[in-house]
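There are 2 protein chains.
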Amino acid sequence: MHIRKQRLLTPGPTPLLPRALHAMMASDIHHRTPDFIKLYPLVLADLKEVYGTKGDVLITVSSGTGGLEASISNFFSEGDTIIIASAGKFGERWAELAKAYRLNAVVLTAEYGDVVAPERIEQALRENPSAQGVAFQASETSTGAAHDVRAIAEIVKKTGALCIVDAITGLGTMTLDIDNWGLDIVVGGSQKAFMIPPGLAFISVSEKAWTHNATAKLPRLYFDLKKEKKMADKGESAWTPNVSLILALAESLKYIRSLGMDKLIENAELLAKATRSAAAALGLELFAPNSPSSSVTAIRSPKGMDSSEIVKGFRSQFGSIIANGQGSMKGQIFRIAHLGYFDFADLFAVIAELELVLYSKGFPVELGTGVAAVQKVYAEAALKPPAA
Amino acid sequence: MHIRKQRLLTPGPTPLLPRALHAMMASDIHHRTPDFIKLYPLVLADLKEVYGTKGDVLITVSSGTGGLEASISNFFSEGDTIIIASAGKFGERWAELAKAYRLNAVVLTAEYGDVVAPERIEQALRENPSAQGVAFQASETSTGAAHDVRAIAEIVKKTGALCIVDAITGLGTMTLDIDNWGLDIVVGGSQKAFMIPPGLAFISVSEKAWTHNATAKLPRLYFDLKKEKKMADKGESAWTPNVSLILALAESLKYIRSLGMDKLIENAELLAKATRSAAAALGLELFAPNSPSSSVTAIRSPKGMDSSEIVKGFRSQFGSIIANGQGSMKGQIFRIAHLGYFDFADLFAVIAELELVLYSKGFPVELGTGVAAVQKVYAEAALKPPAA
Chain B
8 MHIRKQRLLT
18 PGPTPLLPRA
28 LHAMMASDIH
38 HRTPDFIKLY
48 PLVLADLKEV
58 YGTKGDVLIT
68 VSSGTGGLEA
78 SISNFFSEGD
88 TIIIASAGKF
98 GERWAELAKA
108 YRLNAVVLTA
118 EYGDVVAPER
128 IEQALRENPS
138 AQGVAFQASE
148 TSTGAAHDVR
158 AIAEIVKKTG
168 ALCIVDAITG
178 LGTMTLDIDN
188 WGLDIVVGGS
198 QKAFMIPPGL
208 AFISVSEKAW
218 THNATAKLPR
228 LYFDLKKEKK
238 MADKGESAWT
248 PNVSLILALA
258 ESLKYIRSLG
268 MDKLIENAEL
278 LAKATRSAAA
288 ALGLELFAPN
298 SPSSSVTAIR
308 SPKGMDSSEI
318 VKGFRSQFGS
328 IIANGQGSMK
338 GQIFRIAHLG
348 YFDFADLFAV
358 IAELELVLYS
368 KGFPVELGTG
378 VAAVQKVYAE
388 AALKPPAA
Chain A
8 MHIRKQRLLT
18 PGPTPLLPRA
28 LHAMMASDIH
38 HRTPDFIKLY
48 PLVLADLKEV
58 YGTKGDVLIT
68 VSSGTGGLEA
78 SISNFFSEGD
88 TIIIASAGKF
98 GERWAELAKA
108 YRLNAVVLTA
118 EYGDVVAPER
128 IEQALRENPS
138 AQGVAFQASE
148 TSTGAAHDVR
158 AIAEIVKKTG
168 ALCIVDAITG
178 LGTMTLDIDN
188 WGLDIVVGGS
198 QKAFMIPPGL
208 AFISVSEKAW
218 THNATAKLPR
228 LYFDLKKEKK
238 MADKGESAWT
248 PNVSLILALA
258 ESLKYIRSLG
268 MDKLIENAEL
278 LAKATRSAAA
288 ALGLELFAPN
298 SPSSSVTAIR
308 SPKGMDSSEI
318 VKGFRSQFGS
328 IIANGQGSMK
338 GQIFRIAHLG
348 YFDFADLFAV
358 IAELELVLYS
368 KGFPVELGTG
378 VAAVQKVYAE
388 AALKPPAA
């Protein structure tokens, strides 16, 4: 075999920003000394800017799921009603959390590949006027479908319930106007559009959410966000921070700010559009054609072909790691990510690889046609002046 | 602007092997302690294996040019005759060295893009029977042309002259059977097919070369290869070694050995073949069509287009760094490298970028056709069983 570079093309972990990776080497500082206490508030301030909120944004040393758990344990009491819009594996995680914390969960499910319409949430809120929150995914990573966050938020805003958004793959891939739309809790993760390794979750908390927090009785200690905020206001973290990741985050936030959060989102949107265009050119079907997310594009495997074979082909032929379907979608779909540190050159290569993987499995492919579709999207967006 | 990853696609420095880069972090060892003295002989042994010689291979802390200088200062005396086959900017460097060291240089020049035919060297040796050496480039990086190393070596072998090969971009991109062909001195550089940053030169020395060394009177101290060999036999370097690069080299040699030096060469050959095929599909002319090197492919800029514009387009549109022509070739050609840590995914992207750069400058391009040519070379080489 020839050289095959390992390339992470998954919807998290995502490709690392080199300068952020290198910054991790400066980890020999102590977190209760000025070395860290000078750094941390700057990182929190940059994180707020990138989130685009005037509210608080806190960091926990955990995976994204830890951030989801904090979004429950800090704002609810046992028996509270929560409305969950579940459209995939990550929607089901909200339901698991609600069950573990003994909430009264009203779960609105959508078929995989589809999303929960805002009207259904409106109706559920009418039927459950005491609901304390509505939780859903901005982008459902397992299916590549995106909820209409703005429409849902407008509905929730009129009620006493909190609008709780798992935006782990939504941040940096879609516009989320936290303060104007009324998103009370927005959870992010370091290994997504933030371009650094896994290990940190981010949680924005609105004023309305703090009001709920004041009376929320669920047990919490490690994920106590009030304590975290109190310490953050002093420039520190409640518990031992993940110093190397904070150093990496400082660099990646600098990069995202210099690029512009709007440009980062546009980058993902363009790559997603180009991927959909390539799929169409190759005669492939999208899994979530009606509400496609820009974080990841899920494509159906051609009839009679197990998508696991496609995933394996990418790895064995090219060293590229793409994502299979999860759960019952395994074997049915494969997923190509766009969130974070991805560029058009990555996509040219991925689509050329896809063509060759399909071709090697006997699927009729005219080589180069998918790549040409991507190139056309690039040319339209980057080579011509934008329409007036 | 959107995300544009910086990608080094030049014929040195070349893309870094990640594990080699990471190994540099272990540099806090002392070079006169067992930490280093255990490591260095293993690196030298692996380097010999990768060079494919039973002779000595020594390391200098210098750029490749330092290695070229050592090839002169260790094996000649003032006034000695040296025959130089010069086919580009690096051939001219041999002539500069010969002049600086007051040798009697017989310089055989070829036009840029062409090479010096072995017959011309044979004739020069007949006309200069006292010549002590013949120096040339295996691959002339500035033009993308390769000398017929084997044929030249066979001619030189029959004389008392040393066969001195600048293989800085030749190693790892073409077969060089050092012992059987009789290559007396073969110079390599760390930032080429060795996949690590610049800072080390490698020099193989044959028995015949050591015989010349015994009577060579040119002044030398830092590049004294006899002293270097004496210290290497004790597991040390003559002067302070570049510890971080030796650590990186240890990893890259492990990688090259696991891949196989023959596969590394085949990889470059295939990428070069695919690049030539893409150029043809796009209606572009090669600069060295008759003796193309597999280290780098030099392509003529389309009529009326300055190649500097193409180089700039790669950088500004995609963040990709490709090489312009050097000296008088600047503006005329651009060069795409294949040596070292390059794979097909890199090439799919580079050719897609090239198509868009040309397209953006008004050159007629049917998008995807160059990429398809590359894909076809991949498919022939990797998807079908090799011909019997």
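First to last, the protein sequences are chains B and A.
Residue numbering for the first sequence follows our numbering, starting at 8 and increasing by one per position.
Residue numbering for the second sequence follows our numbering, starting at 8 and increasing by one per position.
Idealized CB from N, CA, C, for every residue including glycine.
The structure presented is a predicted model; accordingly, all values stated were derived computationally and were not measured.
query: Proximity test, Cβ basis, 8 Å: B:LEU363 and chain A; result: yes
query: Bounding residues of the beta strand (DSSP E) (the contiguous stretch that carries B:LEU183); result: B:LEU183 -> no beta strand (DSSP E), and no H or E assigned at all.
query: For B:ILE66 and A:GLU292, the rounded distance between their alpha carbons; result: 56 Å
query: Neighbourhood of B:LEU178 by C-beta distance below 6 Å, restricted to the same chain and skipping five residues each side; result: GLY195, ALA200
query: Distance CB(A:GLU362)-CB(A:SER327) smaller than 8 Å; result: no
query: Cβ distance (whole Å) where A:ILE89 is taken to contact A:LEU75 below 8 Å; result: No, A:ILE89 and A:LEU75 are not in contact; Cβ-Cβ is about 12 Å, not under 8 Å.
query: Residue environment, B:GLY71, which counts as buried when at least 16 other CB atoms sit within 10 Å; result: buried
query: Inter-residue Cα distance where the pair is A:GLN339 and A:LEU346; result: 22 Å
query: Separation of B:PRO205 from B:ALA257, as counted between CA atoms; result: 15 Å
query: Opposing strand residues paired with B:VAL163 [DSSP bridges]; result: Answer by DSSP bridge pairing: none, since B:VAL163 is not bridged.
query: Chain-ordered neighbours of B:MET32 on chain A, where CB pairs are closer than 9 Å; result: MET32
query: C-alpha gap between B:ALA255 and B:ASN274, whole angstroms; result: 21 Å
query: Close beta carbons around A:ASP191, own chain, < 6 Å, minus the five adjacent residues each side; result: LEU169, CYS170, SER213, LYS215, ALA216
query: C-beta atoms of B:VAL434 and B:ALA281 nearer than 8 Å; result: What the structure shows of chain B is the stretch from 8 to 395, and residue 434 of chain B is not part of that stretch, so it cannot be assessed.
query: CB contact below 8 Å: B:GLN382 versus chain A; result: yes
query: Contacts that B:GLY375 makes with chain A (C-beta to C-beta distance below 7 Å); result: GLY375, THR376, VAL378, ALA379, GLN382
query: Whole-angstrom distance between A:ILE185 and A:ALA395, CA atom to CA atom; result: Only weak support is given to the placement of A:ALA395: the predicted model assigns it a pLDDT of 46, under 50, and the value that follows is read from those uncertain coordinates. Approximately 28 Å, taken between the alpha carbons.
query: Backbone secondary structure at A:ILE90 - three-state DSSP; result: strand
query: At least three beta-carbon pairs within less than 8 Å, the region 39–48 of chain B to the region 239–250 of chain B; result: yes
query: Inter-residue spacing [alpha-carbon to alpha-carbon] between A:ARG39 and A:GLY59; result: 28 Å
query: Delimiting residues of the alpha helix (DSSP H) encompassing A:LEU232; result: 232–239
query: Cα-Cα separation, B:GLU56 to B:LEU271; result: 14 Å
query: Under the three-state DSSP convention, the category A:GLY73 falls into; result: helix
query: Beta-carbon contacts of B:VAL378 that lie in its chain and below 8 Å, excluding the five residues immediately before and after; result: ALA285, PHE355, ILE358, ALA359, GLU362
query: CB contact below 8 Å: B:PRO393 versus chain A; result: Its pLDDT being 48, under 50, B:PRO393 is placed unreliably in this model, and the value from its coordinates should be taken loosely. By this cut-off, B:PRO393 is not an interface position.
query: A:ASP277 at chain B interface by Cβ criterion, 8 Å; result: The amino acid occupying residue 277 of chain A in the given sequence is Leu; Asp does not appear at that position. Yes, its Cβ sits closer than 8 Å to a Cβ of chain B.
query: Chain B within 8 Å of A:ALA344, Cβ atoms only; result: no
query: Beta carbon proximity, B:HIS38 to chain A, threshold 8 Å; result: no
query: N- and C-terminal bounds of the alpha helix (DSSP H) containing A:ASP429; result: Any answer about residue 429 of chain A is impossible in this case: the structure gives chain A only from 8 up to 395.
query: Contacts of B:ASN274 in chain A (Cβ-Cβ under 8 Å); result: HIS9, ILE10
query: Chain-order list of residues whose beta-carbon lies under 8 Å from that of A:ASN331 (same chain, five-residue window excluded); result: SER314, SER315, VAL318, LYS337, GLY338, ILE340, PHE341, ARG342
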